[in-house]
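Here is the structure we will look at, set down as structure tokens.
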Amino acid sequence: MVSHSQVCFLLKVLANRVPQFRKPSSNRSAATVVGRRPVGELLQNREQEIDRLLVAKHLLSDYGTTKKVRPIHRLLDNAKQRKIPIESATKDQLDQLSKLPHQGVIAFVQTMQYMPIETMLAQSNPVPLFVMLDSVQDPHNLGAIIRTAEAANADGVIIPERRAAQLTEGTFKSSAGGVTHLPVSRVKNLVQTIGWLQTQKIWVVGADVSGTKVYTQADLRQPTCLVLGGEENGLRHLTKERCDFCVSIPMLGKIASLNVSVAAGILLYEVIRQREQTINK
Numbered sequence: 023m024v025s026h027s028q029v030c031f032l033l034k035v036l037a038n039r040v041p042q043f044r045k046p047s048s049n050r051s052a053a054t055v056v057g058r059r060p061v062g063e064l065l066q067n068r069e070q071e072i073d074r075l076l077v078a079k080h081l082l083s084d085y086g087t088t089k090k091v092r093p094i095h096r097l098l099d100n101a102k103q104r105k106i107p108i109e110s111a112t113k114d115q116l117d118q119l120s121k122l123p124h125q126g127v128i129a130f131v132q133t134m135q136y137m138p139i140e141t142m143l144a145q146s147n148p149v150p151l152f153v154m155l156d157s158v159q160d161p162h163n164l165g166a167i168i169r170t171a172e173a174a175n176a177d178g179v180i181i182p183e184r185r186a187a188q189l190t191e192g193t194f195k196s197s198a199g200g201v202t203h204l205p206v207s208r209v210k211n212l213v214q215t216i217g218w219l220q221t222q223k224i225w226v227v228g229a230d231v232s233g234t235k236v237y238t239q240a241d242l243r244q245p246t247c248l249v250l251g252g253e254e255n256g257l258r259h260l261t262k263e264r265c266d267f268c269v270s271i272p273m274l275g276k277i278a279s280l281n282v283s284v285a286a287g288i289l290l291y292e293v294i295r296q297r298e299q300t301i302n303k
């Protein structure tokens, strides 16, 4: 005879059973987010729609059947609370879907959401801080910049629609989930957007080796949009021309330039330093 405790155990196991892996159909969103931390951050963003979650079978083996709660269990609990379908898959199946380290977790999402720049400005801090990227091609650089900008409490990142890195699974992973917390706006024309920001009393400051000021000498306490150029050629001529002024970062060694994500970090934290000094006076 089956005891009451055995029945309860079986019911708990059945309640936590998950369907087997289904190959994505052609009409499904191709956008994916991989890795436990990025997916965990994604689940915290209620505005981002998630089609389903794909989880390695070994991570599901004791879910709902043990009192020991592991971080992956909390991630799965969050998915269930949001009524997001969870499917199990083999490591080979997960590897086929993503070339990035997925840690046994892949989320299928609706198209990555961009925020209109007008909304971004309306929701910004009293003294806004934005980062604009001119032809940055590497999704990992974009992700690293988003991560740093979020850590620096910037109000958003602005990218062009064409000939530049967009929000992809690589961007999401390298941002360490920063994409879920920091708005990203995609615009048709950077030069026109710079002009519009200037009408909104935002100072537009380019980063360029020919900058008229060293970055520490520029006043970055005002509402500011930092503009950084692509990996190969830096700021385009028209973009540079439209900025209010450009700043440079001294290069004291034999290397002529910094990685764009490193340059973004230096400038963002200089903004923080200057603004904190103003507050503490």
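Taken in order, the sequence shown gives residues 23 to 303; the numbers are from my numbering. Note that CB positions come from ideal geometry on N, CA and C, so glycine has one too.
Inter-residue spacing [alpha-carbon to alpha-carbon] between residue i and residue j
{"i": "P182", "j": "D84", "result": "45 Å"}
{"i": "R196", "j": "H95", "result": "Looking at the sequence provided, one finds Ser at residue 196 rather than Arg. Roughly 23 Å separates the two Cα atoms."}
{"i": "D177", "j": "K121", "result": "31 Å"}
{"i": "L289", "j": "L155", "result": "13 Å"}
{"i": "R104", "j": "V61", "result": "13 Å"}
{"i": "G252", "j": "T170", "result": "17 Å"}
{"i": "R59", "j": "E191", "result": "13 Å"}
{"i": "Q159", "j": "R258", "result": "14 Å"}
{"i": "A240", "j": "T246", "result": "11 Å"}
{"i": "D73", "j": "A101", "result": "11 Å"}
{"i": "A174", "j": "Y291", "result": "7 Å"}
Under the three-state DSSP convention, the category residue i falls into
{"i": "T13", "result": "Residue 13 is absent from the structure shown; the chain starts at 23 and stops at 303."}
{"i": "K235", "result": "strand"}
{"i": "G256", "result": "strand"}
{"i": "T202", "result": "helix"}
{"i": "L65", "result": "helix"}
{"i": "V293", "result": "helix"}
{"i": "D160", "result": "coil"}
{"i": "D117", "result": "helix"}
{"i": "V284", "result": "helix"}
{"i": "R185", "result": "coil"}
{"i": "Q103", "result": "helix"}
{"i": "H124", "result": "coil"}
{"i": "P138", "result": "coil"}
Strand pairing of residue i, partner residues [DSSP]
{"i": "I180", "result": "M154 and S207"}
{"i": "I301", "result": "Answer is none; I301 lacks a bridge partner."}
{"i": "S247", "result": "Position check: residue 247 holds Cys in this sequence, whereas Ser was assumed. Answer is F152 and V226, bridged to C247."}
{"i": "I72", "result": "V131"}
{"i": "V55", "result": "A129"}
{"i": "I108", "result": "L75"}
{"i": "V269", "result": "A229 and K235"}
is_contact[residue i, chain C] using C-beta, thresh 9 Å
{"i": "Q66", "result": "The chain labelled as chain C is not found in the depicted structure, where only one protein chain is given."}
Expected contact under 8 Å - CB spacing of residue i and residue j to nearest Å
{"i": "L64", "j": "A111", "result": "Going by Cβ atoms, the distance from L64 to A111 rounds to 18 Å, so no, they are not a contact pair."}
{"i": "V213", "j": "R264", "result": "5 Å"}
{"i": "V227", "j": "Q220", "result": "Wrong, their Cβ atoms sit about 11 Å apart, outside the cutoff."}
{"i": "V206", "j": "K235", "result": "Wrong, their Cβ atoms sit about 28 Å apart, outside the cutoff."}
Exposed unless 16 or more other CB atoms sit within 10 angstroms - verdict on residue i
{"i": "I216", "result": "buried"}
{"i": "G275", "result": "exposed"}
{"i": "D114", "result": "exposed"}
{"i": "H80", "result": "exposed"}
{"i": "I139", "result": "buried"}
{"i": "M142", "result": "buried"}
{"i": "T300", "result": "exposed"}
{"i": "S157", "result": "buried"}
{"i": "I167", "result": "buried"}
{"i": "E71", "result": "exposed"}
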